[in-house]
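Note that this note's numbering has the sequence shown beginning at 6, numbered continuously upward.
A short worksheet on the structure shown next.
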Amino acid sequence: MKKIFVALCAFATLLTASCTDFVTPSHNSSEPLDDYFRNEARMFESLVAAYDPLQWFDYSFGQYCSIPLFSDIMGDDINCGGSNEGDQPVLVKTHFYQLNSNDVLSVIWTICYSGINRSNVVRQYIDGVPGMSDETRKQWVAEAIVLRCFYYNILWKCWGNIPYYEDNLKEPYFAEQLKHDDVYAKVISSLEGVFDMNALPMKAAVGNEGRVTKAMAYMLYAEMVMYQNDTERYQKALNYMKEIIGSNQYALVDDFAGIWLESGEWGPESIWEINYTSEGSPRDWNNNGITSGGNVYSTLIGIAGGPRLKGALAGVVYDGWGFSTVNEAAYNMYDEGDIRRDGGILNVKGLDESTIGDQDGYVQRWEDTGYFLYKYLARQNGNHGARGDVNMGHGNNIRMYRYAETLLNAAELSVLLGQDGSSWLKQVRDRAHCKDTGTSRDDIIQERRKELLGEGKRYWDLVRSGLASSVLKASNHPFRPNDWSESKKYWPIPQSEMDKDDKLVQNQY
């Protein structure tokens, strides 16, 4: 089931981060772009190019930037980690709420606007392609718009007040900076327009896994509606969750731990994953890290000295760099017998076969807890067939949306609407073999914490539910020295962008 292999297309050279730097896409041909794209195969290359930046959410331009990584280190369950506090200073500042305009994950800005630009190229040229069926044309346009919305969603959650455009810019390459509420209105309207087109399949056909589907777009829509607390759209979002559920094309799987293995990719529970592949991966530290192939995230969060673990883990764990350690409180929040605990977290402290700190055990790194994120942890042979740097060659996909989250969304939206969503919540708990601990919104937020730990959801759940100020306190955290406050919701805009456009208004972080 590997994969729609997202390769960098010949014409799609990297578009730079700033609105002031966007240029007309180039290609290895003397033909004008209007003529170059008068060919369905080339138009498909353009569509594939719009998917390419998804893989850059790993390591690009000197920054580690996996979506689960940067999201979860702002929450309460996952730490930054690494060799020491100076290992990856921008990640540490993200973790500690100490960002400034010069120390921020500016690569996220780069990736997202590159993806937006590429998505717009599809829309710009597709009507000029002769011989395409209306069905294919509509589907490709719908895919491009949803991808653009996905990139904007990340920008919106991280920066809030951002330059927004739906047609690629012309000189002088400036776009109007919109307030966060206005960005939301634009993006959500675009998604609703896609739904009106009815051009996307509910599930991708075999061989097309990784492409945008109706279910993926519905999940993105619900995520944004719930983050915005848009009460007027709760019912619509719930209806979309019901449509996914009623399609019977997705299902929970019994083996929770198996979801995270290579054999578990694109299983019955998977709605959308960002694809990586180890086999033949050429990826290395050249070309700013944006060559397609495997990922480095698995190595980044892997156990330093992991191959020295004994007993049941002998020969299982690949070496790593000790980022994204899991807090003990997160491990202990699960009921005994809840399969999500040991299916998602590796408790090295609890292994009799391994001794912490000696030559036969793993190497303790900064912010070590003895607990590691098993979901994405580097496994032996996880980089099989990699031709580039093996540390960047792991083929573990990032599971962006799972059916379990669909059920939890449906349960929460039902509660918010004064309806009964307990049956959907029960399905998630029954699979986990855990106790029924209530059906209030707070109960569901806690269930999301257990189910989706390490998947890049927790921090955003705390912010949208109003719990961030009380939960994200230094006194509640084993390492973080600062409290979260409302001003930390939006990151500082990168100084390089501020310098290029004097009309940009900086976020007060």
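Backbone N, C-alpha and C fix where the C-beta goes; we use that ideal spot for every residue, glycine too.
Next item on the list: Would you identify the three-state DSSP class for Val322, choosing helix, strand or coil?
Entry: What you label residue 322 is simply residue 317 of the sequence shown in a count that begins at 1. In the structure shown, Val322 sits in a strand (DSSP, three-state: E or B).
Check: Got a sec, what are the start and stop residues for the alpha helix (DSSP H) Asn130 sits in?
Finding: In the sequence shown, the residue the question calls residue 130 occupies position 125. Sequence check: residue 130 is Tyr here, not Asn. Start and end: Ser111 to Tyr130.
Notebook entry, point to check: Excluding sequence positions up to five away, which residues of its chain have a Cβ less than 7 Å from the Cβ of Phe484?
Noted result: Counted from its first residue, the sequence shown places residue 484 at position 479. Cβ within range, chain order: Asn84 and Glu372.
Next item on the list: Assign His399 to one of two classes, buried (16 or more other C-beta atoms within 10 Å of its C-beta) or exposed (fewer than that).
Entry: Here residue 399 refers to the residue found at position 394 of the sequence shown. By the neighbour-count rule (16 or more Cβ atoms within 10 Å), His399 is buried.
Item checked: Reference Gly459; option with closest CA among Arg404, Pro177 and Leu418 -> Translated into positions along the sequence shown, residue 459 becomes position 454. The shortest C-alpha separation from Gly459 is found at Arg404.
Notebook entry, point to check: With 16 as the cutoff for other CB atoms within 10 Å, does Gly299 come out buried or exposed?
Noted result: Mapped onto the sequence shown, residue 299 falls at position 294. The residue is buried, with at least 16 neighbouring Cβ atoms inside 10 Å.
Check: Given a threshold of 16 other Cβ atoms within 10 Å of its Cβ, counted over all protein chains shown, does Val510 qualify as buried or as exposed?
Finding: If you number the sequence shown from 1, residue 510 lands on position 505. Exposed, since its Cβ has fewer than 16 Cβ neighbours within 10 Å.
Check: Quick one: what does DSSP say Gly86 is sitting in, helix, strand or coil?
Finding: The residue labelled residue 86 in the question sits at position 81 within the sequence shown. In the structure shown, Gly86 sits in a strand (DSSP, three-state: E or B).
Notebook entry, point to check: Taking three-plus beta-carbon pairs below 8 Å as touching, is the stretch 250-258 in contact with the stretch 181-193?
Noted result: no
Note to self: Does the contact criterion of 3 or more C-beta pairs under 8 Å hold for the stretch 494-502 versus the stretch 382-389?
What the structure shows: no
Notebook entry, point to check: Among residues of its own chain, excluding the 5 on either side of Asp289, which ones have a beta-carbon nearer than 8 Å to its beta-carbon?
Noted result: Position 284 of the sequence shown, counting from 1, holds the residue named residue 289. Answer for Asp289: Thr296, Gly393, Asp394 and Met397, listed in chain order.
Check: Okay, do the stretch 119-138 and the stretch 98-111 touch, 3+ Cβ pairs below 8 Å being the bar?
Finding: no
Next item on the list: Reducing DSSP to helix, strand and coil, say where Leu413 ends up.
Entry: On the sequence shown, position 408 is the one that residue 413 refers to. Correct three-state label for Leu413: helix.
Margin query: Could you tell me the alpha carbon to alpha carbon distance between Leu422 and Met229, rounded to whole angstroms?
Written below: In the sequence shown, counting from the first residue as 1, residue 422 sits at position 417. In the sequence shown, counting from the first residue as 1, residue 229 sits at position 224. When rounded, the distance between both Cα atoms is 17 Å.
Checklist line | Helix, strand or coil at Phe200 [DSSP, three-state] | finding: Along the sequence shown, one-based indexing puts residue 200 at 195. Of the three classes helix, strand and coil, the one that applies to Phe200 here is helix, per DSSP.
Check: Do Ala220 and Ile264 come within 7 Å of each other at the CB atom, strictly closer than that value?
Finding: To locate residue 264, count along the sequence shown from 1; it is residue 259. To locate residue 220, count along the sequence shown from 1; it is residue 215. No. Outside cutoff.
Next item on the list: Tell me, please, whether the stretch 451-471 touches the stretch 74-81 by the rule of three or more beta-carbon pairs shorter than 8 Å.
Entry: yes
Checklist line | 7 Å Cβ cutoff met for Asn337 and Thr374 | finding: Numbered from 1 along the sequence shown, position 332 holds the residue referred to as residue 337. Numbered from 1 along the sequence shown, position 369 holds the residue referred to as residue 374. No, the pair does not count as a contact, with Cβ atoms beyond the cut-off.
Next item on the list: Could you tell me how far apart the beta carbons of Leu356 and Ile306 are, in whole angstroms, since I believe they sit closer than 8 Å?
Entry: Position 351 of the sequence shown holds residue 356. Position 301 of the sequence shown holds residue 306. The pair is not a contact, with the Cβ atoms about 18 Å apart (cut-off 8 Å).
Note to self: Short of 6 Å in beta carbon distance, which residues of its chain neighbour Ala501, apart from the five on each side in sequence? Order them along the chain.
What the structure shows: The residue you call residue 501 lines up with position 496 of the sequence shown. Per the sequence shown, the amino acid found at residue 501 is Ser instead of Ala. Closer than 6 Å at Cβ, skipping near neighbours: no residue.
Item checked: Identity of the residue in Ala334, Asn166, Glu50 and Glu176 nearest Gln513 by Cα -> As a first step, residue 513 is located in the sequence shown; it is residue number 508 there, counting from the start. Nearest of Ala334, Asn166, Glu50 and Glu176 to Gln513, Cα basis: Asn166.
Notebook entry, point to check: Under 7 Å between the Cβ atoms of Arg345 and Lys455?
Noted result: Translated into the one-based positions of the sequence shown, residue 345 becomes position 340. Translated into the one-based positions of the sequence shown, residue 455 becomes position 450. Cβ distance < 7 Å, so Arg345 and Lys455 count as in contact.
Notebook entry, point to check: Using the C-alpha atoms, what's the distance from Ala409 back to Val420?
Noted result: On the sequence shown, position 415 is the one that residue 420 refers to. On the sequence shown, position 404 is the one that residue 409 refers to. Whole-angstrom Cα-Cα distance: 17 Å.
Notebook entry, point to check: What did DSSP end up calling Ser65 once you bin it into helix, strand or coil?
Noted result: Position 60 of the sequence shown, counted from the first residue, corresponds to residue 65. If DSSP states are grouped into helix, strand and coil, Ser65 belongs with the strands.
Checklist line | Local Cβ density within 10 Å of Ser492, reported as buried at 16 or more and exposed below that | finding: Stepping through the sequence shown from its first residue, residue 492 is reached at position 487. The residue is exposed, with fewer than 16 neighbouring Cβ atoms inside 10 Å.
Checklist line | Neighbour-count burial assignment, Val127, 16 or more Cβ in a 10 Å radius | finding: If you number the sequence shown from 1, residue 127 lands on position 122. Looking at its Cβ environment, which holds 16 or more other Cβ atoms inside 10 Å, Val127 is buried.
Checklist line | Length-filtered (4 minimum) alpha helix (DSSP H) runs lying within the stretch 211-293 | finding: 219-233 and 239-252
Checklist line | N- and C-terminal bounds of the alpha helix (DSSP H) containing Tyr4 | finding: Nothing about residue 4 can be read from this structure; the chain reaches only from 6 to 514.
Margin query: Report the CB separation of Gln60 from Ile279 in whole angstroms; it is logged as a contact under 8 Å.
Written below: Here residue 60 refers to the residue found at position 55 of the sequence shown. Here residue 279 refers to the residue found at position 274 of the sequence shown. Confirmed, about 7 Å.
Note to self: Alpha carbons only, please: which of Val53, Phe179 and Glu45 is nearest the one belonging to Asp506?
What the structure shows: Here the question's residue 506 lines up with position 501 in the sequence shown. Considering only alpha carbons, the answer is Phe179.
Checklist line | Terminal residues of the beta strand (DSSP E) in which Tyr406 lies | finding: Taking the sequence shown and counting its residues from 1, one reaches residue 406 at position 401. Counting along the chain, the beta strand (DSSP E) containing Tyr406 begins and ends at Ile403 to Arg407.
Item checked: Residues near Val321 in its chain [Cβ-Cβ closer than 7 Å; skip 5 each side] -> By 1-based counting over the sequence shown, the position of residue 321 is 316. For Val321, where only same-chain residues beyond five positions count, the Cβ hits under 7 Å are Arg384 and Gln385.
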